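Asks: My structure is below; once you've seen it, I'll send some questions.
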Amino acid sequence: MGVTIHYAVGMQSGRVKPTLDRAQAVGEEMKREQAIALAVPFSVRRPSENNLLIDIGGCETLAFEFNTFESFRKTGSDGQSAWSYEQSVLARTFDTRVLTDKGIRWTAAFCKTQFANALAEHRWVAELIRGVASVAEYAHVYDEGDFYHTRNIEDAASTIHQNGMLIDALGGKLSGIMGGDVKIVRGGETKIKPLKKQSAEDLSFN
Numbered sequence: 258m259g260v261t262i263h264y265a266v267g268m269q270s271g272r273v274k275p276t277l278d279r280a281q282a283v284g285e286e287m288k289r290e291q292a293i294a295l296a297v298p299f300s301v302r303r304p305s306e307n308n309l310l311i312d313i314g315g316c317e318t319l320a321f322e323f324n325t326f327e328s329f330r331k332t333g334s335d336g337q338s339a340w341s342y343e344q345s346v347l348a349r350t351f352d353t354r355v356l357t358d359k360g361i362r363w364t365a366a367f368c369k370t371q372f373a374n375a376l377a378e379h380r381w382v383a384e385l386i387r388g389v390a391s392v393a394e395y396a397h398v399y400d401e402g403d404f405y406h407t408r409n410i411e412d413a414a415s416t417i418h419q420n421g422m423l424i425d426a427l428g429g430k431l432s433g434i435m436g437g438d439v440k441i442v443r444g445g446e447t448k449i450k451p452l453k454k455q456s457a458e459d460l461s462f463n
C-alpha cells in the first residue's frame, strides 16, 4: 500500500545496453549534483549489461532487468511452471505477438515512493523511468502520484500525503481491533506534505 510508479518496457535487444548505460550515467549525475547536496542516500548498481538497480532514499529499489518474455516464467514448488508478476503485467499490457518476438527484451516492475523523505526522490525515480521508456519501442508507465504525466510535483506531494494519512488510519483501526498488546506495523505519516494553499489572511501583514 502506498504511492507507486509502475512500468512495463520493451525494446530491441541491441538497444538495451546503451539505454541502460545512459540511465546509469544520469543516475550517477543525479547522485553527484543533487542527492549528495540534499543528503539523500543514492546508489547505482549494474549487475550485468542488461540490469540496472538504483536505490534512492526511502524508495524501493528501481530495477530495470531486461530479459525475454519467456524467461520471466517461474517454476513453482510443485514443479509446474507459473507466470511471474512481471510476465503477467506484460501479458495484460501488450499483444502476445509482440511479447514473443525473440528480438525484444522486456522489463516490468514497480517502485514504491510512499516513504520517501523528499519529493525529489519521487521525481528522480520518475525521470529515470522516463529516460528508459522514452527510447523504447513499447512502454506503459502509471504513476499513482501523477507526476510522471503532469510533471507537477505538487500532484505527487498531495497523493503521497493522503496515502500516508490513510495508512496511519488503517494502522490505528487494526491496533484497536487487535488490542494494545499486539504490535501492528504502521507506515507512519509520510513526511511529504502538499504545499499549503495561502489564503488572503495568510498574505496579510496585519
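To convert, note that position 164 of the sequence shown is 421 in my numbering; the numbers rise steadily by one, no gaps.
Glycine included, every Cβ here is placed at the ideal spot set by N, Cα and C.
Every value quoted in this text rests on a predicted model; they were computed, and no experiment measured them.
1. Whole angstroms is fine: what's the gap from R330's alpha carbon to A365's?
2. By alpha-carbon positions, which one of E394, S334, V389, W381 ends up nearest to F404?
3. Grab the span of the beta strand (DSSP E) containing S300 for me, first residue to last.
4. Determine, using beta carbons only, whether E411 and I313 come nearer to each other than 9 Å.
5. Rounded C-beta distance between G402 and V283? I'm assuming under 8 Å.
6. Along the chain, where does the beta strand (DSSP E) that runs through K369 open and close?
7. Expressed to the nearest angstrom, what Euclidean distance is found between the alpha-carbon atoms of A393 and L309?
8. Confirm, please, whether the CB-CB distance from V297 to I311 is below 9 Å.
9. If you count every other CB in all the chains shown that lies within 10 Å of the CB of Q371, and 16 or more means buried, which is it?
10. Taking the alpha carbon of L295 as the reference point, which residue from S391, A373, V398, Y395 has its own alpha carbon closest?
11. Grouping DSSP H, G and I as helix and E and B as strand, with all else coil, what is R357?
12. Can you tell me whether DSSP reads A375 as helix, strand or coil?
13. Taking all protein chains shown into account, do 16 or more other C-beta atoms lie within 10 angstroms of the C-beta of G429, making it buried, or fewer, making it exposed?
14. Out of curiosity, what's the CA-to-CA distance linking G267 and A292?
Replies: The short version:
1. 13 Å
2. W381
3. 299-305
4. no
5. Incorrect: roughly 20 Å between the Cβ atoms, too far for contact.
6. 361-369
7. 16 Å
8. no
9. buried
10. A373
11. Per the sequence presented here, residue 357 reads as Thr, with Arg not at that position. DSSP places T357 in coil when its eight states are reduced to three.
12. A375 carries a coil assignment under DSSP once its states are collapsed to helix, strand and coil.
13. Here the model assigns G429 a pLDDT of 49, short of 50, so the residue's position is not dependable and the matter cannot be decided.
14. Roughly 29 Å between the two C-alpha positions.
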